[in-house]
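Since the structure comes first, as structure tokens, the remarks are kept for the end.
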Amino acid sequence: MTSKQRAYLRGLANTMEPILHAGKGGISDAMIKQADDALEARELIKGKVLESALMTAREVSDAICEATGADGISCVGNKFVIWRFSEKCQEERNATGRAKRKGVAWSMVSNFPEKAKLDEICKFCNFKIQPMTLSAEG
């Protein structure tokens with residue numbers, strides 16, 4: 000990962016609240032499972048090491064990264080940020096705009112030249128135009 004990518008992810012994490020909390024008990028299997036689930040759902044997570052903990056934020060971050068296969072982005076004070084690529088999040092990013100709405104688009108074309116342009120666009124994009132009429136109520 001490049002330094003520019005890490006800087007971008009650090010910027011995204013600035014507004015996030017910590018969702019992982021490491022305390023006196025250190026890192027348990029339940030905490031690793033929680034981190035793994037959160038990384039799958041969000042990709043980028045922020046954690047906090049409580050003052051009563053026997054480990055530093057760097058040690059906690061390194062242990063979680065090693066157990067989950069994530070990358071450590073930053074450790075500042077008692078907070079840390081980790082990231083791992085998630086297929087689920089990538090699918091959500093790919094399904095944006097019209098793709099999310101399954102390719103449904105409405106167009107109000109009443110004159111012939113505009114309809115001819117729309118027909119050409121539909122041929123190129125492999126879409127189908129379905130004419131419809133509006134009732135008097137609209």
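Final position of the sequence shown in numbering that gives the first Met the number 0 is 137; the numbers increase by one with none missing.
A virtual CB, placed ideally from N, CA and C, is assigned to each residue, including glycine.
Source: prediction; values computed, not measured.
Please report the residue range of the beta strand (DSSP E) in which K45 lies. 43–48
Considering just the uninterrupted stretch of the beta strand (DSSP E) at A21, what are its terminal residues? 19–21
Nearest to K141 (by Cα), restricted to the options E50, L11, T67: Since the displayed the chain opens at 0 and closes at 137, residue 141 lies outside it and no answer follows.
Give every residue of the same chain whose Cβ lies closer than 6 Å to the Cβ of C74, excluding the five residues on either side of it in the sequence, and list them in chain order. A56, R57, S60
Collapsed DSSP secondary structure at S73 in the structure displayed: strand
I18 classed as buried or exposed, judged by whether at least 16 other C-beta atoms fall within 10 angstroms: exposed
Distance between beta carbons of L38 and S85, contact taken as under 8 Å: 7 Å
Delimiting residues of the beta strand (DSSP E) encompassing I26: Looking at the DSSP string, I26 is not in any beta strand (DSSP E), and its letter there is neither H nor E.
Cβ neighbour criterion (16 or more within 10 Å) applied to L144: Shown here, the chain extends from 0 to 137; a query on residue 144 therefore has no answer.
Quick one: measure Cβ to Cβ for H20 and K47, integer angstroms, because I've assumed they're closer than 8 Å. 5 Å
Output needed for D36: all residues of its chain with C-beta closer than 8 Å, excluding positions within five of it in sequence on either side, in chain order. none
Through-space distance from A40 to R92, alpha-carbon basis: 13 Å
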